[in-house]
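Protein chains in written order, with our numbering: chain A, 5 to 271; chain B, 5 to 271.
No residue lacks a Cβ here, since even glycine has one placed at the ideal position from N, Cα and C.
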């Protein structure tokens, strides 16, 4: 069953998920779509996020994908139920569900922190899902709007990044959390400095769990690939150096990044 | 002649221009449009920036504006000539022209620095315009992609902002510039920390010159208003606290911010 897996995000952050899927499922082909023309979704309305996501799913279905991964916390938090209702014939796996499952399993004191974009934090979806797992969990959250631009401008190991991280995480640490969910796909790129700041708090990278869930679903549906994998990368706009950006996230070289005018094709 | 002035930007940064126009031209009504659904323009292609801008101008012309200010360096740098060709019946004033005029007048050693978004810097438009004024000018430029998110997340007076500013401006200072153009409408909000870092280098805030140019054009065309001014604010998407954000930029309270689905109306 050599149909590809569809993975999409508002931009390039979802490539941290692609990287983990390639690692855990090396025979699966992947079609990636990053909505670079309309990012960031973090500051947009629920209605816009739903509309943009459904356009992207229509495009991915035309690429004959067998399963879709929502590699964007903001999209997952705002509208994954709506998207599952709109597209009932394809499995849609969300990064938020994966992260909450993992955090619920590893926390010992039941005090869990979440960091993400403003839209993800305001949506409260992580808290709702975690409380569904255990209503006694104490959840503390914090939006970190500078983390994505810091990653995209390459400030991975700078004192300024350390100071900003300390400032963002201070209130969470005072709540004595023992587990912190990296609730945005860019944030694993800052895992080292975040770990320095939070000490022995356990960091949760949902990408790892997403790849595991994908493997299980494909096994259950008997949809696993046995052939060599191919990878296709699409974006809605090409800023300079897009190919290089993709390669930086993936840690390997790729053929090309193609452009799709997503807002014209799929109204 | 009580028709309003139209001012537009990819987001809220252009409000620093609105503030200066209100200060210098208190009788002029203003219609502001911020393309919050599709920002940032800084990472988009020239084609997209031109298309989005022409949609906004169509909307502003329907509001019966008598003059248009492009309050966005990225738009000005990428397509102001195209926009003037597409809309020959309305005067279009650009923030880049204003900034270059002012810098050319104040520099003594002819070594001018420019900071802005990636798209503005890559476009090279500031350099071209400055060299047209004086081909002996030495121009040095630097993209500062973190400045807009720092302003929008309120990091105006933090050590991290100081460190980031030092890092961005170091190479320019080594070139012995005596004048630095704040080539992005958000940057005047960071003027204090930038001035600390650059010492006695003269900072150019193009908003001041844009308002002056607007006054001159209205006088020449006999289009000045004599009545009380009214202000209308439109955006393409309403993130949380938009009204408060506008009020922070302007330093005064406003009635409301209305939403226009710009991509549906004006294809």
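With a cut-off of 8 Å on Cβ pairs, the stretch 160 to 170 of chain B is not in contact with the stretch 53 to 69 of chain B, counting fewer than three such pairs. Listed along chain B, the residues sitting closer than 7 Å to residue 242/A by beta-carbon distance are 49. Inter-residue distance for residue 123/B and residue 92/A is about 41 Å (C-alpha atoms, whole angstroms).
Residue state for residue 160/B is assigned as coil, using DSSP reduced to three classes.
Closer than 8 Å to the CB of residue 164/A there is at least one CB belonging to chain B. Its Cα nearest to that of residue 249/A, the residue 20/A stands out among 8/A, 11/A, 20/A, 7/A. Chain-order list of chain B residues neighbouring residue 157/A: 149, 150, by C-beta distance under 7 Å.
Around the Cβ of residue 189/A, a 10 Å sphere holds 16 or more other Cβ atoms; the residue is buried.
Only residues of its own chain outside the window of five on either side were considered, and among them 12, 60, 238 have a CB closer than 6 Å to the CB of residue 37/B, listed in chain order. Going by DSSP, residue 7/A is part of no beta strand (DSSP E) at all; its letter is neither H nor E. Closest in alpha carbon position to residue 7/B, among 27/B, 26/B, 121/B, 32/B, is 32/B.
The stretch 132 to 142 of chain B makes contact with the stretch 95 to 108 of chain B: 3 or more CB pairs, one atom from each, lie closer than 8 Å. Non-local C-beta neighbours of residue 206/B in its own chain, meaning closer than 8 Å and more than five positions away in sequence, comprise 110, 111, 182, 183, 184, ordered along the chain. When DSSP states are grouped into helix, strand and coil, residue 257/A belongs to the coil group.
By DSSP's assignment, residue 239/A forms a beta bridge with 38/A, 263/A.
Collapsing the DSSP output to three states places residue 26/A in a helix.
The C-alpha of residue 160/B lies about 44 Å from the C-alpha of residue 89/A. Listed in chain order, the positions of the stretch 29 to 41 of chain A with a beta carbon within less than 9 Å of a beta carbon of chain B are 40, 41.
Residues 251 of the same chain have their beta carbon placed closer than 7 Å to that of residue 257/A, with the five preceding and five following residues left out of the count. With fewer than 16 neighbouring CB atoms inside 10 Å of its own CB, residue 232/B falls in the exposed class.
Take the alpha-carbon of residue 28/B and the one of residue 224/B: they are about 16 Å apart. Ranking 203/A, 260/A, 24/A, 10/A by CA distance to the CA of residue 254/A puts 24/A first.
Interface criterion not met: the Cβ of residue 95/A is under 8 Å from no Cβ in chain B. Judged by DSSP secondary structure, residue 218/A falls outside any beta strand (DSSP E) and instead within the alpha helix (DSSP H) spanning 210 to 224. Scanning chain B for C-beta atoms nearer than 9 Å to the C-beta of residue 174/A yields nothing, as the closest lies near 13 Å away. Checking the DSSP bridge columns, you'll see residue 145/A partnered with 118/A. Neighbours of residue 92/A in chain B, taken as residues whose beta carbon is under 9 Å from its own, are absent, since the nearest beta carbon is some 27 Å off. Using a CB distance cut-off of 8 Å, residue 167/B counts as an interface residue toward chain A. At a beta-carbon threshold of 9 Å, the residues of chain A lying near residue 153/B are 149, 150, 152, 153, 154, ordered along the chain. Nearest CB-CB separation between residue 13/A and chain B: not below the 8 Å threshold. Using a CB distance below 7 Å, the part of the stretch 48 to 68 of chain B facing chain A consists of 48, 49, 52, ordered along the chain.
Against chain B, the CB of residue 101/A has no partner CB under 8 Å away; the residue lies outside that interface. Per DSSP, residue 189/B lies in no alpha helix (DSSP H) segment and is marked neither H nor E.
Beta-bridge analysis with DSSP links residue 183/B to 116/B, 206/B.
Cβ neighbours of residue 195/B within its own chain (closer than 8 Å, five residues either side excluded): 186, 207, 209. In the displayed model, residue 155/B falls within a helix according to three-state DSSP.
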